Structures are given as structure tokens and as C-alpha cells.
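Written out below as C-alpha cells is the structure these notes cover.
In our numbering, the protein residues as written are 1 to 492.
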């Protein structure tokens with residue numbers, strides 16, 4: 001037997017006739033099921049122009065469809081009374097003329113499908129009339145997903161109760177799949193699952209009210225609530241966690257992040273309100289040091305998340321909180337962020353500054369040096385900020401050479417008109433140190449003698465106003481030392 005045969009009452013034409021009744025009623029009712037219409041029309045043509053070698057596989061290949069999709073389409077048209085399945089293996093179908101069926105008083109919809117459609121539409125009353133595609137989709141839940149008709153009717157009743165009579169059948173398909181995955185085999189099974197979903201809907205509604213909003217939960221929010229229950233959270237625990245969503249515009253997504261974060265950190269879902277509040281309080285205390293650092297940095301309101309808390313805890317692993325706050329205070333002067341604090345702490349560690357007192361002394365010295373250098377820059381007519389190289393030179397003059405601030409300031413006046421005053425001072429102060437001249441009186445006397453000798457050695461013809469200061473008479477070793485110092489300054 002071939003794949004198709006035609007009713008003997010059909011005349012044989014060279015064209016493929018399509019009843020207007022099919023176009024006006026069945027085609028319009030198949031809205032959203034264009035593939036089914038393609039199957040019907042292509043099969044109709046083959047009833048008039050038979051190909052004995054035509055098989056279901058070849059038919060599906062011609063339409064670029066899967067065989068199962070073709071079979072689903074023919075089952076749809078069988079329900080509509082336009083096709084009869086006369087054989088399953090191999091498959092064979094007989095087309096029924098809609099016009100002829102009406103003339104003979106035959107139904108164009110099978111009794112089972114018609115009865116189901118009547119029950120389905122009755123749920124909506126006069127408020128909504130389902131089109132053929134929606135009824136067919138509901139029937140697909142029965143035939144394709146294997147859900148009992150009574151369970152599908154309960155599902156639709158649940159959606160009407162929670163979503164209203166204008167809910168989308170396309171959106172409801174996801175819930176139908178869930179019933180199939182739960183292997184719902186009876187109306188009782190469906191009632192159990194749908195009660196769980198209804199409880200989730202009511203729970204999601206309570207969350208929305210707790211967030212200060214007045215609307216119904218969306219299907220996505222209901223799904224999210226169901227997932228929280230699956231993770232082990234109870235309704236009271238979920239509502240208790242809502243206290244963390246008070247800032248800004250609270251959302252389910254934000255609450256989802258909070259709950260999943262708790263799961264990740266604690267490995268379990270708090271089951272009661274008290275357990276949730278205790279866990280949240282513990283997490284809040286965990287974030288307090290970071291909030292204090294934010295305050296020092298001037299970043300009030302910055303997000304305290306699992307990531308930023310972890311970043312702080314990395315810093316605190318080997319650094320006292322007091323030292324971290326000191327670093328934050330220094331970084332705040334230039335609008336620093338957490339990354340800047342970490343970089344500064346790393347710099348202090350390399351210098352061996354680990355205790356708060358050491359850091360305070362370092363900061364105080366740093367600030368003293370900057371003030372002193374700014375005074376020197378002003379004397380020299382330079383507009384610049386203190387550099388690490390200049391601070392290193394100043395540290396060397398005070399700590400290694402042993403000069404007081406007054407001695408350094410006095411020497412600086414002799415470098416006022418030099419091109420590289422820091423290098424010039426380095427040479428003079430190192431020479432004074434080598435001679436053991438470290439007191440203010442000794443430095444003043446040595447500089448005065450230096451100036452006197454320089455004036456005597458300056459030829460009168462070459463004397464100009466901007467050179468009217470004392471200069472030292474350099475030996476060959478002095479010039480060698482000065483040259484080496486200048487080269488070192490260039491490299492730094």
C-alpha cells in the first residue's frame with residue numbers, strides 16, 4: 001500500500017483542488033502552525049498525483065522536516081477530521097474532503113478532540129474564545145507530552161487563577177513540559193504539583209509585597225522562587241533575606257544573588273527566619289572592616305559584595321586592619337581605590353613597614369620630606385612635585401650623612417642658580433661629610449670660605465651678575481666626583 005490514497009468520490013484532475021472550506025475554517029484555525037499546513041497541502045497533491053515509491057522518509061525529506069514532525073502534523077489533521085490514519089507500519093493516510101464530509105453530515109472534528117475543546121473553552125466562559133492553534137497546542141500537551149486530559153485542564157485552570165484568562169499559551173508551554181518531566185500520570189499527580197506551584201506563586205507575591213511593590217509576580221519570578229525552594233530555603237527564610245534589598249530598586253535578581261551567595265559561602269540554606277537573620281548578621285559583620293576602609297577612602301555607599309570582601313580579606317591576611325586604614329587615608333588624597341590601597345601596602349611591605357607605628361613614622365617622615373622639598377623647590381624657582389629620587393637624596397643627607405634640616409637649607413642657597421641643584425647639593429654635602437663638618441656653624445664657615453675662594457678665582461672679565469655667588473676651587477678629584485654624581489642622577 002502506498003503512503004496515500006484518495007476517497008473514490010474524488011474526481012481526478014491535473015491540478016490539486018483545495019476546498020474553500022479548508023481555507024476559510026481549517027487554515028485560519030491553524031494560525032502559528034504553518035508547517036502543518038505545508039504537510040497537508042503537499043500530501044493532498046500526492047493523493048491526486050500518486051508516486052508509489054513515496055515513503056514517509058522521502059515525504060519528510062522533500063519538506064525538509066523530521067519524520068516525527070510530519071507524523072505530528074497528520075495527527076493534528078486527523079483530530080480536525082480531514083485525514084484518516086489507515087496504517088501505522090508502514091504509515092498510510094487517507095484524505096477526507098471537508099466539503100464532502102459536511103454534505104454527508106459527517107463531523108469534521110473527532111469526538112475526543114471536540115469534547116476536550118469544549119471543556120477547555122468552558123474554563124474561559126464568555127471572556128475568551130480560544131483559536132484553533134491554542135486548542136491544538138493544549139491537545140499536543142496530551143498527545144505529545146503524554147499528560148492526561150484532566151491534568152491539562154487543571155493546568156489551564158491554575159494559569160487562569162494565577163495569571164488571568166488572557167495568559168499566553170506559548171508561555172504556559174514551559175509549565176506543561178514541567179508536568180511531563182515530573183511524569184504526571186493523573187489528575188491527582190497534577191494537583192500535587194500545581195499546589196506546589198501555587199504556593200510558590202503566593203510566596204513570590206509575598207516577596208514582592210515585602211519589597212514594597214504592588215503587582216503580581218511574573219512567571220520568571222515564580223520560577224526563581226521555585227528554584228529557591230529547591231535549594232532548601234523556606235518561605236520565612238526568603239522573606240527574612242528581603243531586608244538586604246532595601247537599597248535602590250529591589251529586584252528578584254538581586255535577592256537571588258544574596259541567597260546564592262549565602263549558599264556558596266555557608267554550603268547550606270538557612271531554614272528558619274532566625275537562622276537567616278543570624279547568617280545575615282554574621283555576613284554584615286564580615287563586611288564591616290571593608291565599610292570602614294570605604295569610609296576612609298571617601299567611597300561611602302560603595303558596594304560591599306562577596307568579591308570586594310574577599311579582596312579586603314586578602315589584604316588583611318598578613319596586614320593589620322589599622323595599617324590598611326592608614327594606607328586608605330594616604331590613597332584618599334588622590335581619589336584612590338582598593339587597587340591603590342593594595343599597591344601601597346605592597347610597597348610598605350617591601351620596605352619592612354609592617355606595624356602601625358612604623359607606618360605612622362614613615363608617613364610623618366614622608367610628609368616632612370615633601371614639605372622640606374617644596375621649600376627647596378620654591379627657593380630654586382622650580383614648580384614641581386617631590387619625586388622619589390629627591391626624597392631618597394633628602395633621606396641620605398639626613399640619615400646617612402647626618403645633616404640637620406637647617407644645614408640642608410643653608411646649603412640649598414648655594415645651589416640656587418645651578419642647573420641641577422639636587423646633584424650640586426649632593427656633591428657639597430658629601431664633601432662636608434667626608435671632612436667631618438656636620439654642625440650648622442661648621443657648614444656656615446665652610447660655605448663662607450668656599451664662597452670667598454670662588455670669588456677670588458673668578459676672572460673679572462668673565463664676572464656677570466647671575467654668577468655673583470661664591471664658588472669652590474675644584475680639584476681634579478672634585479670634578480671626577482661631581483661628574484659621577486651627575487651621571488647617577490641621570491640614571492635615576
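Backbone N, C-alpha and C define an ideal beta-carbon position, used for all residues, glycine too. Being a predicted model, the structure only gives us computed values, none of them experimental.
Per the DSSP secondary-structure output, residue 92 pairs in a beta bridge with 87. Just so you know, the alpha carbons of residue 340 and residue 324 end up roughly 11 Å apart. For the segment 3-73, the full-length alpha helix (DSSP H) segments reaching 4 residues or more read 34-48 and 56-62 along the chain. Between the C-alpha atoms of residue 311 and residue 317 there is a straight-line separation of about 10 Å. The residue among 410, 343 and 419 with its C-alpha nearest the C-alpha of residue 448 is 410. Residue 93 is positioned such that its CB atom lies closer than 8 Å to that of residue 43. Within the segment 281-348, the complete alpha helix (DSSP H) runs of at least 4 residues fall at 306-316 and 321-332.
By a beta-carbon distance limit of 8 Å, residue 120 contacts residue 156. Their separation comes to about 6 Å. Taking C-beta separations shorter than 7 Å and ignoring five residues to either side along the sequence, the partners of residue 263 in its chain run 231 and 269, following chain order.
Judged by beta-carbon spacing, residue 309 lies beyond the 8 Å limit of residue 328, meaning their Cβ atoms are not closer than that value. Put simply, the backbone Cα of residue 63 is about 18 Å away from that of residue 52. Going by DSSP, residue 225 is part of the alpha helix (DSSP H) stretching over 219-231.
If you ignore the 5 residues before and after residue 218, its C-beta comes within less than 7 Å of no other C-beta in its own chain. Collapsing the DSSP output to three states places residue 439 in coil. For residue 169, same chain residues with a beta-carbon under 6 Å away, outside a window of 5 residues either side, are 134 and 137 in chain order.
The residue among 198, 196 and 216 with its C-alpha nearest the C-alpha of residue 205 is 216. Across the set 178, 362 and 387, the C-alpha of 387 shows the shortest separation from the C-alpha of residue 373. In the displayed model, residue 410 falls within a helix according to three-state DSSP. Residue 196: member of the alpha helix (DSSP H) spanning 187-210, first to last residue.
The beta carbon of residue 438 sits closer than 6 Å to the beta carbons of 402 from its chain, once the five residues preceding and following it are set aside; these are given in chain order. Burial state of residue 33 is buried, judged by a 10 Å Cβ sphere holding 16 or more other Cβ atoms. Judged by their CB atoms, residue 56 and residue 67 are nearer to each other than the 8 Å cut-off. Here residue 184 carries a coil assignment [DSSP, helix/strand/coil]. The three-state secondary structure of residue 173, taken from DSSP, is helix.
In the DSSP assignment, residue 147 falls outside any alpha helix (DSSP H), carrying neither H nor E. Counted as a single uninterrupted DSSP element, the alpha helix (DSSP H) harbouring residue 421 occupies residues 421-434.
Inter-residue distance for residue 427 and residue 306 is about 55 Å (C-alpha atoms, whole angstroms).
Residue 416 places its beta carbon less than 8 Å from that of residue 379. It is roughly 8 Å from the alpha-carbon of residue 421 to the alpha-carbon of residue 412. Nearest in C-alpha terms to residue 82, of all of 90, 89 and 73, is 73.
By the C-beta criterion, the segment 192-206 is judged to be in contact with the segment 221-240, since at least 3 inter-stretch pairs fall below 8 Å.
Annotation: residue 213 is outside any alpha helix (DSSP H) and is labelled neither H nor E by DSSP. Annotated three-state conformation of residue 388 is helix, per DSSP. Look at residue 167 here: in three-state DSSP terms it is coil, with no helix or strand label. Comparing alpha-carbon positions, the option among 250, 345, 332 and 265 lying closest to residue 209 turns out to be 250. Per DSSP, the continuous alpha helix (DSSP H) segment holding residue 378 begins and ends at 356-380.
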